[in-house]
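Just below is one structure, and these are the notes that go with it.
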Amino acid sequence: MRKRTSVFLIVFMSFLLSGVPLPALDTFQLDGGLFFIGSRDPQSAPSPLLPAAGVTFRLPRTVGIFDLESSLLLTGTYYQYANDRASPAEEEFRDYAVVCVLGDLRLCYGFLKRDPFTLGADFGLSALLRIPIPLGVSADASENFGSTLGYFYPLRFLYPETGIFGTYNLSEDFDLKLSLRAYWPLYLLWDSEDLPFPEGLLVSGLISLIWRLPPKES
Numbered sequence: 063m064r065k066r067t068s069v070f071l072i073v074f075m076s077f078l079l080s081g082v083p084l085p086a087l088d089t090f091q092l093d094g095g096l097f098f099i100g101s102r103d104p105q106s107a108p109s110p111l112l113p114a115a116g117v118t119f120r121l122p123r124t125v126g127i128f129d130l131e132s133s134l135l136l137t138g139t140y141y142q143y144a145n146d147r148a149s150p151a152e153e154e155f156r157d158y159a160v161v162c163v164l165g166d167l168r169l170c171y172g173f174l175k176r177d178p179f180t181l182g183a184d185f186g187l188s189a190l191l192r193i194p195i196p197l198g199v200s201a202d203a204s205e206n207f208g209s210t211l212g213y214f215y216p217l218r219f220l221y222p223e224t225g226i227f228g229t230y231n232l233s234e235d236f237d238l239k240l241s242l243r244a245y246w247p248l249y250l251l252w253d254s255e256d257l258p259f260p261e262g263l264l265v266s267g268l269i270s271l272i273w274r275l276p277p278k279e280s
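With this note's numbering, letter number 44 in the sequence shown gets 106, and the count goes up by one each step, no holes.
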């Protein structure tokens, strides 16, 4: 699965870097780290901890005292469809290779600034887009494809998020950033499956390099 996830990450980053209009940005941030998917279903695999990579864009506007930023994070793992639900799967029970794309829009505030360090917090809303790719190891994968998509959407893909971060100024052009974010599965409040928390909880731990781009030529 690590090899397959690495392929997902390489394709994703190549796509982003080929289409992002870098001269239009003030900063460009590359993110990498680990992504946790909580699973308490006794029939599923243990909660996977996956490598992840992505990009973050700081938007050229503020909301009061908050900075506004958006990000994309990519990872992938195996899923199965059994007992009327989709859940992470061990390799021998996999039905799908699932590409997971997490899109975020969040407000950020640095509450402690002591040059060259900054500590802060953020909160926002995330959408987890899961794209299942049927595998040939299971005859049921293609048959259950529609049911799998129906399970992922529409109630289970929106997540409120909260996080903390710290940045360190490396040089005039670069900052190093560490961040930890939790994405909360509010759908458990009305979901009929009655699985205990932390079912559906998502957690990311990322290390990022922020490049402050040169000013655009007028």
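By construction, the Cβ of each residue, glycine as well, lies at the ideal position given by its N, Cα and C atoms.
Here the structure is a predicted model, which means the values were calculated and not measured.
Y158 has its alpha-carbon roughly 43 Å from the corresponding atom of F179. Between L87 and L238, the C-beta gap is not smaller than 9 Å, which leaves the two residues out of contact. Assigned with DSSP and collapsed to three states, G100 falls in coil, not helix or strand. Taking all protein chains shown into account, G225 has 16 or more neighbouring C-beta atoms within 10 Å of its C-beta and is therefore buried.
In the DSSP assignment, L112 forms a beta bridge with F97. Sequence-distant Cβ neighbours of L130 in its own chain, meaning closer than 8 Å and more than five residues away, are R120, L121, R123, T124, L167, R168, L169 and C170. Partner residues in a beta bridge of A151, as assigned by DSSP, do not exist. Of P258, S270, W273 and L264, the smallest CA-CA separation from P104 is found for P258. In this structure L92 is not in contact with L240, their Cβ atoms being roughly 14 Å apart against a cut-off of 8 Å.
Residue range F207 to F214 is occupied by the alpha helix (DSSP H) that includes G212.
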